[in-house]
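Beneath this line is the structure, given in structure tokens, with notes to follow.
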Amino acid sequence: MKTSSFFGGVIGVALSFFHAIEAQDFATHGTYTHPDTGITFYTSSEANGTITGGGELSMVSWGGFTFGMALPPSALTVDTHEYIGLIIGSTPTGKGGWSGIVHGDKQSAAMPNHLMLLAWPTGVGDQIATSFRYSSAYQPPTAYKGSANLTQLYSQVNSTNWVLVYRCQNCFIFDDPSQSTFNTSTSQAKSILQGWAQSSVAPTDPKNPMSSFDQHNNGMGEFVVQVQSAMQASYAVWATKTATGPIATGTATATATFTPIPVPTATSYDYIVVGAGAGGIPMADKLSAAGKSVLLIEKGVASSARWGGTIRPENGWLDGQNLTWFDIPGECNRIWNGGTTGVACTDTDQMAGCILGGGTAVNAGLWWKPNPSDWDVNFPAGWKSSDMAAATKRVFSRIPGTDHPSMDGIRYLQDGFNVITTGLASANWTSVTANDVPEKKNRTYAHAPHMFSNGERGGPMATYLLSTSDRNNFHLWLNTSVEKINRVGGHATSLNVVPTNNGGRIGTVQLTPGTGRVVVSAGAFGTPKLLFRSGIGPADQLQVVQGTEGTTMINQSSWIHLPVGFGLSDHFNTDTVVSHPNVSYYDWPAAWLTPNETDRTNYITKRSGPLAQAAPNIGPIMWEEIKGPDGIVRHMQWQARVEGSNGIPNGNSMTLSLYLGRGEVSRGRATISKGLSMIVSELPYGDPNDLATVATAIDNMVNALKTIPNITWNLPPPGVSGADYLKTVDLTYANIGARRANHWMGTAKMGTDSALVGNGTSVVDTNCKVYGTDNIFVADASIFPGMVTTNPSALIVTASEHASDLILALPYPQTGHGGHHGGSEE
Ligand SMILES: Cc1cc2nc3c(=O)[nH]c(=O)nc-3n(C[C@H](O)[C@H](O)[C@H](O)COP(=O)(O)OP(=O)(O)OC[C@H]3O[C@@H](n4cnc5c(N)ncnc54)[C@H](O)[C@@H]3O)c2cc1C
Ligand code: HEM
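Going by mature numbering (1 follows the signal peptide of the UniProt record, and there is no 0), the letters in the sequence shown line up with residues -23 to -1, 1 to 803, in that order.
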């Protein structure tokens, strides 16, 4: 085994260095000639350094990481589909690890929907195992079955680093047969993005190139490769070199199979609710309380231990407790830090929980009594704040929420809150108890209220789901996905279901003939997906589904054309970062596997201490109303937490995330891919008046906090205006992770202007009924016509409470079974 210092080699012979090219490109770029093959690469290197937190958009990697690319000399004029690559990976513990490359395009090298190359030392001499994979979500990737082909040209391994030189043919083509094909053009873009990720933990079976492995823990990010700089005159000679070492490349693995339970025959339901999240659970409860037979279908597994959930920390600290990590407020960030498997949705490029409880099982539990203007400004008649008062009262009597969740009544880890609120108070902002005065959202601040109860997550799963499950007329199917709603014209008759896990159902489940109804509560991406697959949506989306499903899809003559997927909105996020000597970081990631012993004991025995609060020390929450240049008043919500971000390390830093809420005019679009995954194809951010108002909010906050002694503004740096700072934070799909709040809504918008008529824009009417149908309803985030002031889950539960009354009060169509036809107006 050779023992040269690989990184010393790269850095030592680099001919030239450029600084990071754009905000999220933290790599150092240069050129490097690999001594054994003589091949010269354009390199992108992450320095050796300690990873903090989840390693999001890391500036460093433990042991370092280098990727090199050589391209044919004609790459700028003729698209090349291949390159020669160099990976110098790290195994810093000496016990193996893996490294990965994401083949991006000119806009993005995000993990989902791009070709991934995985490589690691097998532990046998200089052997490196490689495999191609892809994933349509932030999930363990599956085998890639497209035409990419890798030839190893050189490999070398020592105890802490390894080198692989390889030819990658068809690697700029993404052509897995189940996915929409695209090519990355080297001639049209002067630069392309590549992603990288590393793990210091070896795959389960390092000798098997298709081994499973855990999520990266040693950095991840994206960098820009300049096509011109990577072009090499000798490319053709190098590309025909033959391998010099033992090779182990991967092959596709078999797909998982489940033992499904057939749908019972001769049974039908008055109501079938699709999706057990913030919208679906209260809906099922209210409908069953009215005596209707109700079936709630959820595609995920159980989350909370109360419902049979078993997903616990791997090292066993919760074993024997009637708790999973979903039940513990302090574990709420676990999902995005190594906990996605079997929890996060696999069919969207955004973050969402596909598990019992939906978003309410994985979120931070912030729980806001609705700001009345959110209803008054956004919603049509029948949904104004006065109409919503009764539903709000019912919701908050069942889930009051608390701003001091630890059962001993003490608020823990308050350094950050205390520092920031000193400044706000001297700037004459007002301290409020937010849910006592929900309308006071201008220059106010508060401790964050959460839906937690008895020191546990609580929320809809601990209230509405409990009461509904006590009734004999209620049925819950977990591990079961609704694939489509079968309908005759505008009338749904049955639903096709498939299992997603053992115990899931398979078959066609019937609605009560004539009077049965479907309520779709599958979330802002799940709902449009199900509508598309049921032939409801814009023609282009229905055609994509038809291309994949062929004649099993409802006949084109019955398609109902509505703008499903348009109207997408989300709180537009901009992170700012401050530091202060009084602020100290609590190591939440460590708490997931090995919590501080005192904190663990206090939580397990008394439901007290930091673990009874949401990670990472959330608060204060601050609000301001600002009129934009277009005269529209916009609501800003600032959410503070004790954690660094955007390259500022943890320690004494705080991230103040600024959410642009009600008044936001930007809208995006969610579309479906050939593989039937949902994608944010148009960002719901970026209207100039939105941006100008956000810039003012940043200036105002910098000004408000200026009296705090010893505060340091890291981002924006001192003297940089809000407007100039915003110009430095990318507003691209590649940077969506930093701009989204995961408060997606609006993809099946409510309104009185049916999109079936003239210039109408709405998908559902004010009874939540899909236009053109007589018994298909939507009750979840999708119906919201515009963004709200606060985090939305309590508003979604309230909307569902209200919707249940309207739906129950709605007379059945006189025509009964088959009464309406596709395309007719409702
Ligand atoms: C990481 C994160 C943190 C958040 N933090 C907060 C917070 O602190 N406070 C707050 O108010 N909001 C928060 N939110 C937002 C909030 O959780 C969501 O807005 C809310 O849960 C959306 O409710 P919903 O009913 O529309 O969808 P969801 O709650 O997502 O529920 C949809 C359900 O439908 C299921 N489903 C989808 N398709 C199908 C199908 N075909 N068949 C069967 N089942 C299906 C899904 O598995 C899921 O369980 C957060 C969201 C995320 C992702
Ligand atoms: C077990 C498998 C994996 C899981 C569960 C997983 C999960 C995630 C998550 C949750 C993020 C987002 C983090 C954030 O924005 O805060 C992320 C980002 C990223 N991942 Fe993975 N990942 C896995 C495997 C891989 C592999 C194999 C690669 C490369 C071959 C990779 C490359 C990336 C890159 C480049 C990013 C940053 C860009 C982006 O946000 O999309 N991941 N991953």
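Every residue, glycine too, gets a C-beta built ideally from N, C-alpha and C.
Every value quoted in this text rests on a predicted model; they were computed, and no experiment measured them.
For the options M655, M530 and C145, the alpha carbon positioned closest to that of D324 is the one of M655. For L95, the CB falls within less than 7 angstroms of some heavy atom of ligand 2. In this structure, the straight-line span from the alpha carbon of A174 to that of H193 is close to 6 angstroms. Look at W536 here: in three-state DSSP terms it is coil, with no helix or strand label. Per DSSP, the unbroken alpha helix (DSSP H) holding V372 starts and ends at S362 to R375.
When secondary structure is reduced to three states using DSSP, H548 falls in the coil class, being assigned neither helix nor strand.
In the structure shown, the three-state DSSP call for Y60 is strand. For L273, the enclosing beta strand (DSSP E) covers residues V271 to I274. By the Cβ rule, the stretch 554 to 561 does not count as touching the stretch 731 to 738, because fewer than three pairs are nearer than 8 angstroms. In the three-state DSSP reduction, V354 falls in the helix class (H, G or I). A distance below 7 angstroms between beta-carbons, with the five flanking residues on each side excluded, links K418 to the following residues of its chain, in chain order: N348, W600, E602, H612 and T766. Listed in chain order, the beta strand (DSSP E) runs fully inside the stretch 108 to 166 are 126 to 134 and 138 to 146, counting runs of at least 3 residues. The beta carbon of F159 sits closer than 6 angstroms to those of F151, all from its chain and outside the five residues before and after it, given in chain order.
The three-state secondary structure of N195, taken from DSSP, is coil. Taking 3 residues as the minimum length, the beta strand (DSSP E) runs contained wholly in the stretch 262 to 318 are 271 to 274, in order along the chain. Counted as a single uninterrupted DSSP element, the beta strand (DSSP E) harbouring N463 occupies residues T457 to V465. Residue pairing by DSSP places K604 opposite V610 in a beta bridge. Between the stretch 344 to 362 and the stretch 292 to 309, the count of Cβ pairs shorter than 8 angstroms is below three; the stretches do not touch.
Taking 8 angstroms as the cut-off, the Cβ atoms of K461 and R420 do not count as close. The stretch 10 to 25 makes no contact with the stretch 182 to 191, as fewer than three CB pairs between them are under 8 angstroms. Here D103 is buried: its Cβ has 16 or more other Cβ atoms, across all protein chains shown, within 10 Å. Between the C-alpha atoms of M384 and K583 there is a straight-line separation of about 7 angstroms.
Cα atoms of P515 and T528: separation of roughly 18 angstroms, rounded to the nearest angstrom. Closer than 7 angstroms to some heavy atom of ligand 2: that does not describe the Cβ of P180. For Y636, the enclosing beta strand (DSSP E) has its first and last residue at S630 to L637. CA-to-CA, the gap between A4 and V475 works out to about 44 angstroms. About 5 angstroms separates the beta carbons of G645 and L660, which is inside the 8 angstroms limit, making them a contact pair. Sorting I249, G257, A255 and I258 by C-alpha distance to the C-alpha of V271 places I249 at the top. For the pair of segments examined, the stretch 776 to 788 was found to touch the stretch 262 to 271: the number of CB pairs separated by less than 8 angstroms reaches three. Remark: C-beta atoms of V774 and P377 do not approach each other more closely than 8 angstroms. Cβ-Cβ separation between T457 and L653: approximately 17 angstroms, too far for a contact (criterion under 8 angstroms). Beta-bridge pairing by DSSP links Q203 to S168. In the DSSP assignment, G7 falls within the beta strand (DSSP E) that extends over T5 to T10.
Counting every other CB atom within 10 Å of its CB across the protein chains shown gives S51 a total below 16, marking it as exposed. Here G330 is bridged, per DSSP, to A321. Rounded to the nearest whole angstrom, the C-alpha separation of P118 and Q129 is 22 angstroms.
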